[in-house]
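Taking it in order: structure first as structure tokens, then the write-up.
2 protein chains.
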Amino acid sequence: MTTHKVAANGKERTRKNDPVRVQADIMRVATREFSEKGLSGARIDEIAEKTKTSKRMIYYYFKDKETLYLKALERSYQQVRQQEGELELDHLEPIQALSKLVAFTFEHHIKNPDFIRMVMIENIHHGRFIEQSELIQSLNAGAVDELQKVYRRGLETGQFRPGLEALELHWLISALSFFNVSNRYTFSRIFNWDQNAASNQEKLASHVIDMVLRYVVKPELMAD
Amino acid sequence: MTTHKVAANGKERTRKNDPVRVQADIMRVATREFSEKGLSGARIDEIAEKTKTSKRMIYYYFKDKETLYLKALERSYQQVRQQEGELELDHLEPIQALSKLVAFTFEHHIKNPDFIRMVMIENIHHGRFIEQSELIQSLNAGAVDELQKVYRRGLETGQFRPGLEALELHWLISALSFFNVSNRYTFSRIFNWDQNAASNQEKLASHVIDMVLRYVVKPELMAD
DNA sequence: GACTGAACGTACCATTTCGTACATTATGAA
DNA sequence: TTCATAATGTACGAAATGGTACGTTCAGTC
Chain A
89 MTTHKVAANG KERTRKNDPV RVQADIMRVA TREFSEKGLS GARIDEIAEK TKTSKRMIYY
149 YFKDKETLYL KALERSYQQV RQQEGELELD HLEPIQALSK LVAFTFEHHI KNPDFIRMVM
209 IENIHHGRFI EQSELIQSLN AGAVDELQKV YRRGLETGQF RPGLEALELH WLISALSFFN
269 VSNRYTFSRI FNWDQNAASN QEKLASHVID MVLRYVVKPE LMAD
Chain B
89 MTTHKVAANG KERTRKNDPV RVQADIMRVA TREFSEKGLS GARIDEIAEK TKTSKRMIYY
149 YFKDKETLYL KALERSYQQV RQQEGELELD HLEPIQALSK LVAFTFEHHI KNPDFIRMVM
209 IENIHHGRFI EQSELIQSLN AGAVDELQKV YRRGLETGQF RPGLEALELH WLISALSFFN
269 VSNRYTFSRI FNWDQNAASN QEKLASHVID MVLRYVVKPE LMAD
């Protein structure tokens, strides 16, 4: 008696154990499902179906639905952070560096709608899961550093207004970038305005960049 | 044989028909539940329990869960619009009028977290329900008008920069006001910063107002 | 008072959904 | 080879959940 079976379709079928692949597969599908439908809206059975493995494996590796959700949330944060890479702002003038930083942040949000949705969902849950995750906090701790550096340089050259805090600046930039993705549907519908259209996205991007610059740069350096 | 019964607790119990009250009761509870847990997270049985009436009545008046959700969404929009009342900006200088408008919008969002949550949830659903609602669209059509008026007046006095559009300005103000409520939990957690604290809320409010003013008002009129 | 349609209560059903029991196979160590 | 443990497949169970069948009561009209 050999250890392999013959499947219904006639192909030889030998089970391979590949824990890493199986877990990655589950995470991939789970992240998409949770991001699309939320914690309560996503269905374990549906996640299992879209996986190459079975529901059994989900519970084997991830214990229960909430743990799976938390892992998916962590994965989302990890992925966007990894994508960020290096901006290389140090060789730019402070104003241009800030401009580039804002432009990048705005674009980065646009490119990661699934991540935005996960964050929205998590906020609906009052941040109950992110609270438990030390991983996520540690990931994001240094997110303000680059902005901090640019701002300090701008202060030294005398181009930036003093008295601002990097964290609060980051908050402003995040708000504008986040809202652009998170509230597309309702805003477009209410004002009968296709926010998604490329031309309008460009407009918004330049508005946002301009707005931040005008807030940080000394007014006398800004042309009307 | 009379038409009334005696309940178990001994009190006389005569059923009163009060359709308006019953519907209002259901709507009140449903709105809170959906806002708290989302469409898929909210439970009809739980809504029914928290109501003075029964599950039967929910289906009697609202057909099914999705219809109930849509009605709750519409109610949310209606309520916030009603609260807005009159700002009476016409007698103010353009700069002060704009300042007051932004301050009010920011505050108004803070006062209506349930509404914010409903909008977040609706965006998670890709705006599938708001699309069906002509009521909501009609409600919000004139939301930009006041801003429009102020901006025009500022142009006339020469205090505002030309070339901006009221809708896009409204978008910027909304983004900052909305994000302040919608992303509290994740932002606070990630940056270990109590965004909710009164002192920080005040800071953010003045940042937002200042930021909008610096964007709209001609730079030479802004002191450092 | 008789009649009618709207308003309401109770109990129930069918399905969905999270989670698990149980058996089997793979894989590396001794 | 043997053995232990990790990995996997199949089938199923119990509770939750959206929705309904069926009957009763209220309130206005003639």
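Residue numbers (the numbering used here), protein chains in the order written: chain A, 89 to 312; chain B, 89 to 312. For each residue, glycine too, the CB sits at the ideal point set by N, CA and C.
| request: Counting only runs of 4+ residues fully inside the stretch 97-150 of chain A, write out the alpha helix (DSSP H) ranges in chain order. | output: 107-129, 132-138, 143-150
| Is G246 of chain A close to chain B, meaning its C-beta is less than 8 Å from at least one C-beta of that chain? | Here residue 246 of chain A corresponds to residue number 158 of the first sequence, with the count starting at 1. Not closer than 8 Å to any Cβ of chain B, the Cβ of G246 of chain A fails to qualify, so no.
| field | Rounded C-alpha distance that separates F275 of chain B from Y303 of chain A | value | As a position in the second sequence, residue 275 of chain B is number 187, starting the count at 1. As a position in the first sequence, residue 303 of chain A is number 215, starting the count at 1. Straight-line Cα distance between these residues: approximately 21 Å.
| field | Three-state secondary structure (DSSP) of F266 of chain B | value | Stepping through the second sequence from its first residue, residue 266 of chain B is reached at position 178. In the structure shown, F266 of chain B sits in a helix (DSSP, three-state: H, G or I).
| Among the residues of its own chain, which have a CB less than 6 Å from the CB of G126 of chain A, if the five just before and after it don't count? | The residue you call residue 126 of chain A lines up with position 38 of the first sequence. Only I209 meet the Cβ criterion.
| task | Note down, in chain order, all residues in the stretch 264-280 of chain B with a beta-carbon under 8 Å from any beta-carbon belonging to chain A. | result | L264, F266, F267, N268, S270, N271, R272, Y273, T274, F275, S276, R277, I278, F279, N280
| task | Determine, using beta carbons only, whether E234 of chain A and L264 of chain A come nearer to each other than 8 Å. | result | Translated into the one-based positions of the first sequence, residue 234 of chain A becomes position 146. Translated into the one-based positions of the first sequence, residue 264 of chain A becomes position 176. Cβ distance not < 8 Å, so E234 of chain A and L264 of chain A don't count as in contact.
| task | Could you have a look at F275 of chain B and say whether DSSP puts it in helix, strand or coil? | result | Position 187 of the second sequence, counted from the start, is the residue given in the question as residue 275 of chain B. DSSP places F275 of chain B in helix when its eight states are reduced to three.
| request: Grab the span of the alpha helix (DSSP H) containing F217 of chain A for me, first residue to last. | output: Position 129 of the first sequence holds residue 217 of chain A. Element bounds for F217 of chain A: n/a, residue is neither H nor E.
| said: Classify P201 of chain B: buried if its beta carbon has 16 or more other beta carbons within 10 angstroms, exposed otherwise. | reply: Numbered from 1 along the second sequence, position 113 holds the residue referred to as residue 201 of chain B. When all chains shown are included, P201 of chain B counts as exposed.
| query | Taking C-alpha atoms, which residue in A:I204, A:E253, A:I212 lies nearest to R205 of chain B? | reply | Residue mapping note: residue 205 of chain B aligns to position 117 of the second sequence, counting from 1. Minimum Cα distance to R205 of chain B is reached at A:I212.
| task | Find out if the Cβ-Cβ distance for the pair L255 of chain A, R169 of chain A is shorter than 8 Å. | result | Taking the first sequence and counting its residues from 1, one reaches residue 255 of chain A at position 167. Taking the first sequence and counting its residues from 1, one reaches residue 169 of chain A at position 81. It is not a contact, given that the beta carbons lie outside the stated cut-off.
| Taking 8 Å as the CB-CB cut-off, is S128 of chain A touching chain B? | For the purposes of this step, residue 128 of chain A is taken as residue 40 along the first sequence, with counting starting at 1. Chain B contact via Cβ: present.
| query | Beta-carbon separation of I146 of chain B and L161 of chain B under 8 Å? | reply | Stepping through the second sequence from its first residue, residue 146 of chain B is reached at position 58. Stepping through the second sequence from its first residue, residue 161 of chain B is reached at position 73. Their beta carbons are not under 8 Å apart, which means I146 of chain B does not touch L161 of chain B by this criterion.
| query | Along chain A, in chain order, which residues have C-beta atoms closer than 8 Å to that of V207 of chain B? | reply | As a first step, residue 207 of chain B is located in the second sequence; it is residue number 119 there, counting from the start. Correct list: N271, T274.
| request: Identify every residue that forms a DSSP beta bridge with V305 of chain A. | output: Start at 1 with the first residue of the first sequence, and residue 305 of chain A comes out as number 217. V305 of chain A is bridged to A:F248.
| field | Cutoff 8 Å: H197 of chain B Cβ touching any chain A Cβ | value | Locating residue 197 of chain B in the second sequence gives position 109, where the first residue counts as 1. Output row for H197 of chain B: interface = no.
| Closer than 7 Å: is that where the CB of A286 of chain A sits relative to any heavy atom of the ligand ZN? | This structure lacks the ligand ZN, and indeed carries no ligand of any kind.
| Should I146 of chain A be flagged as near chain B, meaning a C-beta pair shorter than 8 Å? | Position 58 of the first sequence, counted from the first residue, corresponds to residue 146 of chain A. Output row for I146 of chain A: interface = no.
| Using the beta-carbon of each residue, which ones in chain B are nearer than 9 Å to G230 of chain A? | Along the first sequence, read from residue 1 onward, the residue named residue 230 of chain A stands at position 142. Chain B residues near G230 of chain A: none, gap ~11 Å exceeds 9 Å.
| task | With 9 Å as the C-beta to C-beta threshold (strictly closer), list the residues of the stretch 173-184 of chain B near chain A in chain order. | result | none
| task | Within 10 angstroms of the Cβ of Q171 of chain B, are there 16 or more other Cβ atoms? Answer buried if so, exposed if not. | result | As a working mapping, residue 171 of chain B is identified with position 83 in the second sequence. Q171 of chain B should be labelled exposed.
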